[in-house]
Structures are given as structure tokens and as C-alpha cells.
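Residue numbers (our numbering): 122 to 597.
Ideal placement from N, C-alpha and C gives every residue a C-beta, glycine not left out.
Here you go:
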């Protein structure tokens with residue numbers, strides 16, 4: 122096989138694998154009302170149906186990259202595809218919502234291995250002079266998967282069943298596994314030690330916090346169960362931070378946060394995903410539960426929001442190259458916050474879809490202006506040798522923002538409303554989305570702390586070995 126054909130095969134395999142992994146972030150959102158009815162799921166179960174995938178994906182993302190560097194990127198991509206495919210088949214066969222949540226976690230673990238390795242394998246296979254174009258396409262594929270997730274989910278649920286959402290991954294996975302094994306050239310990166318204590322502390326701590334938030338409304342915020350989960354979760358996260366400052370090869374080097382630009386940009390990303398994911402989680406259900414649109418119609422009606430990055434991101438990227446990323450991202454956050462506040466204000470059981478469209482568009486434009494330059498802003502705050510770990514850390518943190526957004530906004534929704542009627546749903550939706558808007562507005566304030574002009578890079582100290590790609594931007 123020629124070098125050119127291997128490059129083409131690598132591009133095809135990694136693109137499809139990336140699309141599958143990113144699609145499952147939001148593909149299930151338009152299926153939630155059907156899953157709630159079919160499996161008699163509670164609000165907390167619906168939260169875990171989304172968060173089980175996102176949480177395991179976020180926590181294991183850097184570990185997946187490390188495994189590829191140490192044991193071989195192609196080998197670990199194949200293993201990741203096997204895990205993701207098996208998890209998808211199991212989710213399709215889930216007899217209850219509890220089993221569905223468990224299998225979604227397995228899917229997330231597979232996706233955490235697959236996603237970073239698609240980037241490193243593609244980067245290694247493409248000639249240097251074409252690498253920028255290839256990585257640009259890589260980012261576009263990831264963005265397209267997220268944008269089309271609600272539409273694909275709605276179309277599949279309406280045409281077949283919610284189980285088919287997961288069955289679709291199985292033939293694709295079975296096709297990609299042998300192609301990845303025999304058509305992609307093996308490559309490795311710098312061998313690093315796995316930070317298993319770090320993974321354990323982060324996973325247990327974040328699970329405890331999310332568990333407490335999810336169960337708080339049903340059991341009471343002062344119940345021993347909730348307090349124990351929250352306190353234990355916070356203690357374990359603090360333990361993770363302490364461990365990462367002392368271990369010689371940390372999963373997440375805490376010294377990166379000495380850069381004001383790195384800390385502020387990542388805080389903005391966390392808050393942005395907090396508001397965006399939490400709002401999409403509820404608004405996708407609103408269109409079906411209250412407005413009585415079909416799953417496909419609901420998915421299509423979110424496109425002015427979720428699909429806007431496909432149109433606007435290239436333009437925003439060009440503008441950011443000319444005037445800098447900070448003003449573009451700041452404008453995007455303000456627009457996203459404005460759009461969410463608009464949606465919270467106009468939502469009612471009988472609101473016309475035409476009244477929602479302007480708010481969707483404003484939110485979508487804001488999302489696109491955020492996505493385009495934010496990865497470059499983050500990478501501009503660290504040294505070249507640390508771009509891989511910085512990129513992976515940023516993606517893990519923003520996924521965690523989405524996890525907490527769903528948990529917190531669902532808690533607000535549950536405290537003020539519920540599924541008993543259309544007016545009850547809206548009673549919970551409006552304050553919840555308002556909280557999401559406030560989170561994104563705080564993200565804009567956080568971004569003001571990013572230094573103007575020259576990126577802030579801490580050049581002091583030795584370069585640690587790191588887990589992750591040396592190529593920039595695990596960004597979607």
C-alpha cells in the first residue's frame with residue numbers, strides 16, 4: 122500500500138470514528154421524552170443518560186491519549202472502537218434505564234480513547250505542509266457531529282426507535298475496527314506513566330458531586346445521602362488537586378493554571394458549556410413534551426442554534442486572525458447569554474416557534490464565535506511543548522462544564538416545575554434557562570481577566586512529560 126493510500130485510509134477511518142464519538146454527546150437529547158415514557162425514567166435518570174457518557178468521556182480523555190502514546194495509537198484506537206461499539210450494542214439492548222446509564226458510561230470510556238487518537242493518528246499520517254488543512258477538517262467533522270446530533274437523534278427515533286440510535290454505531294464500529302487495524306500505520310509518542318491515582322480521585326470526586334446534585338431535589342438538600350455525596354466528592358477533588366501537584370508525571374499539571382490567561386479562558390469554557398448543555402437538555406424536551414413536535418421536527422427546530430457554527434465559525438476564525446481571539450470570544454459569550462435569557466423570557470406553553478427562532482439564532486451565532494478562536498487562545502497561553510496536554514485539559518474541563526450544567530439546571534427545573542403538565546414544565550424551564558444564561562454571562566466576565574495582546578506564557582521551569590497529542594486543538 123502506498124503512503125498516499127494509507128493517508129487516505131487514515132483520514133477516512135479517523136473522521137468516521139470521531140464523528141461517531143462526538144455525535145453521541147447530543148444525539149440522545151431528542152430521544153429523552155421517548156426514553157422517559159418507554160423506560161419509565163425519572164428526571165434524574167434522564168440526566169444520567171446524558172451525563173454518564175459525558176462524565177466518563179471527560180475524566181478519561183487525557184488517560185486515553187496517554188494510553189495511545191505509551192502502547193501504540195493504532196492499537197488503542199482499535200481497543201477504543203471495540204469498547205465504544207460494545208457499549209452501543211449493550212445500550213440498545215438495555216432492559217431498564219439503570220442499565221442504559223451503565224452502558225452509556227462504557228460508551229463514554231470508549232469515546233475517551235478514540236477521540237484524542239483520531240487527531241494524533243491523522244497528524245502523523247498527513248504531510249507537514251497539509252497538516253493545517255487536515256486538522257481544520259478534523260475540527261469541522263467534530264463540529265458537524267455536535268450540530269447534527271439532535272437532528273439525527275430525532276430522525277432515528279421518529280423513523281424507528283430510540284434503541285436504533287445506538288444500533289447505528291454497531292455496523293460502523295464493526296467496519297472501522299478491521300480498517301483501523303490493517304489500514305493505519307502504528308505510531309507512538311513519548312512514553313509516560315499512567316496517573317491511575319489521579320484518574321481514580323477525579324472520577325470518584327466528580328461522580329460524588331454530580332450524584333449529590335442529581336438527588337438533591339428528590340431527597341432534600343440537607344439529607345445525609347446528599348450531604349455525604351457532596352462533601353465526599355469535594356474532598357476527593359481536593360485530594361486530586363493535591364496529588365497532581367506532587368506526582369512527577371501528573372494527568373493534569375496544576376502549574377498550567379499559574380497562567381492567568383489559561384485559567385480565565387478555561388473558566389469561561391466551563392461556564393459556557395454549563396449554560397449551553399444544560400439549556401439544550403431542557404429545551405429539546407420542551408419542544409416535544411410541551412409543544413408536541415415529533416422527535417425529528419424538534420431536532421430540526423434546534424438547528425438555528427446548534428447548526429449555526431457550521432456557517433459562522435469560519436467567518437469568526439478569519440475575524441479572530443485579524444483582530445485577535447479575545448474580542449470575538451467575548452462577543453460570542455455575550456450573544457449566547459443574551460439568546461438564553463431571551464429564550465427564558467419568551468418561553469410559554471403556547472409560544473409560537475417563530476418567536477423562538479431569533480433567540481436560537483443569537484445563541485447559535487454566539488456559540489460559533491466562541492468555538493472558532495477559543496482553542497487558539499488556550500494554546501497561546503502555554504509553551505509549545507505543552508500544547509497537547511493543554512488542549513486535552515481544556516476539552517475535559519468543558520465537558521465537565523456540560524455535566525454540571527445538566528445537573529444544576531435540572532435541579533432548578535425540578536425545584537420550580539415538572540412533567541405533570543405543559544405549564545408546570547415551563548414553570549421549571551424558565552428559571553433553569555435563566556440560570557444557564559447567568560452562567561454564560563459569568564463566562565464573559567471571566568474572559569475579561571485574559572491579558573490583552575501577547576499571550577501569557579510561563580516559560581519558567583522544566584517541561585513535564587505529558588499525556589496527549591503535540592498537535593493543537595481537540596476542539597469541536
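Here's the rule: buried if 16 or more other CB atoms are within 10 angstroms of the residue's CB, otherwise exposed. What is residue 474? So residue 474 counts as exposed.
Given a cut-off of 8 Å on the beta-carbon distance, is the pair residue 150 and residue 134 in contact? Contact check for residue 150 against residue 134 fails: the beta carbons are separated by 8 Å or more.
Do you know offhand how far residue 361's Cα is from residue 316's? Taking the straight line joining both Cα atoms gives about 11 Å.
Exercise. Out of curiosity, what's the CA-to-CA distance linking residue 436 and residue 332?
Worked result: Rounded to the nearest whole angstrom, the C-alpha separation of residue 436 and residue 332 is 40 Å.
**Prompt:** Helix or strand or just coil, what does DSSP make of residue 496?
**Reply:** Three-state DSSP puts residue 496 in a helix.
Look at the alpha carbon of residue 463 and the alpha carbon of residue 240, and state the distance between them as a whole number of angstroms.
Roughly 37 Å separates the two Cα atoms.
Would you mind stating whether residue 457 and residue 481 have Cβ atoms separated by less than 8 Å? No; because the gap between Cβ atoms is not below 8 Å, this pair is not in contact.
Exercise. Helix, strand or coil: which one does DSSP assign to residue 315?
Worked result: The answer is coil: DSSP assigns residue 315 none of H, G, I, E or B.
Query raised in the report: Measuring CB to CB, does residue 539 end up less than 8 Å from residue 526?
Result: The answer is no: Cβ separation not under 8 Å.
For residue 371, the nearest candidate out of 300, 228, 269, 323 (CA to CA):
Residue 371 has its Cα closest to that of 323, out of 300, 228, 269, 323.
The alpha helix (DSSP H) enclosing residue 378, as first and last residue numbers: Residue 378 -> no alpha helix (DSSP H), and no H or E assigned at all.
As assigned by DSSP and simplified to three states, the class of residue 175 = Of the three classes helix, strand and coil, the one that applies to residue 175 here is helix, per DSSP.
ask   = Alpha carbon to alpha carbon, what distance is there between residue 338 and residue 267?
value = The straight-line gap from Cα to Cα measures roughly 30 Å.
Check your understanding: Would you call residue 428 buried or exposed, if buried means 16 or more other Cβ atoms sit within 10 Å of its Cβ?
Key -> With 16 or more other CB atoms across the displayed protein chains lying within 10 angstroms of its CB, residue 428 is buried.
Starting from residue 446, trace the alpha helix (DSSP H) both ways and give me its first and last residue. According to the DSSP assignment, residue 446 belongs to the alpha helix (DSSP H) that extends over 446-467.
- [ ] Give me the Cα-Cα distance between residue 290 and residue 236, rounded to the nearest whole angstrom.
- [x] Distance between the alpha carbons of residue 290 and residue 236: 15 Å.
Curious, which full-length alpha helix (DSSP H) runs of at least 4 residues does the region 287-345 contain? For the region 287-345, whole alpha helix (DSSP H) runs of length 4 or above, ordered along the chain, are 290-304, 317-340.
Integer-rounded CB distance, given that residue 422 should sit under 8 Å from residue 403: 14 Å between Cβ atoms; not a contact.
Please report the distance separating the alpha-carbon of residue 528 from that of residue 248. Taking C-alpha positions only, residue 528 is separated from residue 248 by approximately 43 Å.
- Message: Assuming the contact rule is C-beta atoms closer than 8 Å, residue 410 and residue 571 should be a hit. Round their C-beta distance to whole Å, please.
- Response: Contact doesn't hold; Cβ gap of about 39 Å is too wide.
Boundaries (first-last residue) of the alpha helix (DSSP H) holding residue 542 | First-last for residue 542: undefined, no H or E at that position.
### Unbroken alpha helix (DSSP H) run spanning residue 281, endpoints
In the DSSP assignment, residue 281 falls outside any alpha helix (DSSP H), carrying neither H nor E.
Just how far apart, CA to CA, sit residue 174 and residue 230?
-> Taking the CA atoms as reference points, residue 174 sits about 8 Å from residue 230.
Q: Could you spell out where the alpha helix (DSSP H) holding residue 420 opens and where it closes?
A: Taken as a continuous stretch (DSSP letters only), the alpha helix (DSSP H) holding residue 420 covers 416-422.
Practice item. Confirm, please, whether the CB-CB distance from residue 202 to residue 138 is below 8 Å. Key: The answer is yes: Cβ separation under 8 Å.
Item to complete: Evaluate residue 145 with the Cβ neighbour count: other Cβ atoms within 10 Å of its Cβ, from every protein chain shown; 16 or more gives buried, anything less gives exposed.
Response: Residue 145 is buried by the Cβ-count criterion.
_Contact set for residue 449: own chain, Cβ-Cβ below 6 Å, skip 5 residues either direction_ = Counting only Cβ-Cβ distances below 6 Å, and skipping sequence neighbours, we find 437, 440, 441, 490, 494.
3-residue-minimum beta strand (DSSP E) runs that sit fully inside the region 179-267, ordered along the chain: Contiguous beta strand (DSSP E) elements confined to the region 179-267 do not occur, taking only those with 3 or more residues.
- Query: If you drop the 5 nearest sequence neighbours on each side, which residues of the same chain put their C-beta closer than 6 Å to that of residue 426?
  - Reply: Once the five neighbours on either side are set aside, the close Cβ partners of residue 426 are 481, 484, 485.
key: Host alpha helix (DSSP H) of residue 570 (start-end)   = Neither: residue 570 is in no alpha helix (DSSP H) and is coded neither H nor E.
- Query: First and last residue of the alpha helix (DSSP H) that includes residue 124?
  - Reply: First-last of the alpha helix (DSSP H) with residue 124: 124-147.
Notebook entry, point to check: Under 8 Å, do residue 365 and residue 357 count as touching if we go by C-beta distance?
Noted result: No; because the gap between Cβ atoms is not below 8 Å, this pair is not in contact.
What do you get for residue 169, buried or exposed, if any count of 16 or more other CB atoms within 10 angstroms of its CB means buried? It counts as buried.
Can residue 274 and residue 148 be called in contact, C-beta distance under 8 Å?
For the 8 Å CB-CB criterion, residue 274 and residue 148 form a contact.
Problem set entry | Backbone secondary structure at residue 115 - three-state DSSP | In the structure displayed, the chain extends from 122 to 597; residue 115 sits before or after that span and is not available.
* To do: Measure the CB-CB distance between residue 461 and residue 533 and report whether it falls below 8 Å.
  => Their beta carbons are not under 8 Å apart, which means residue 461 does not touch residue 533 by this criterion.
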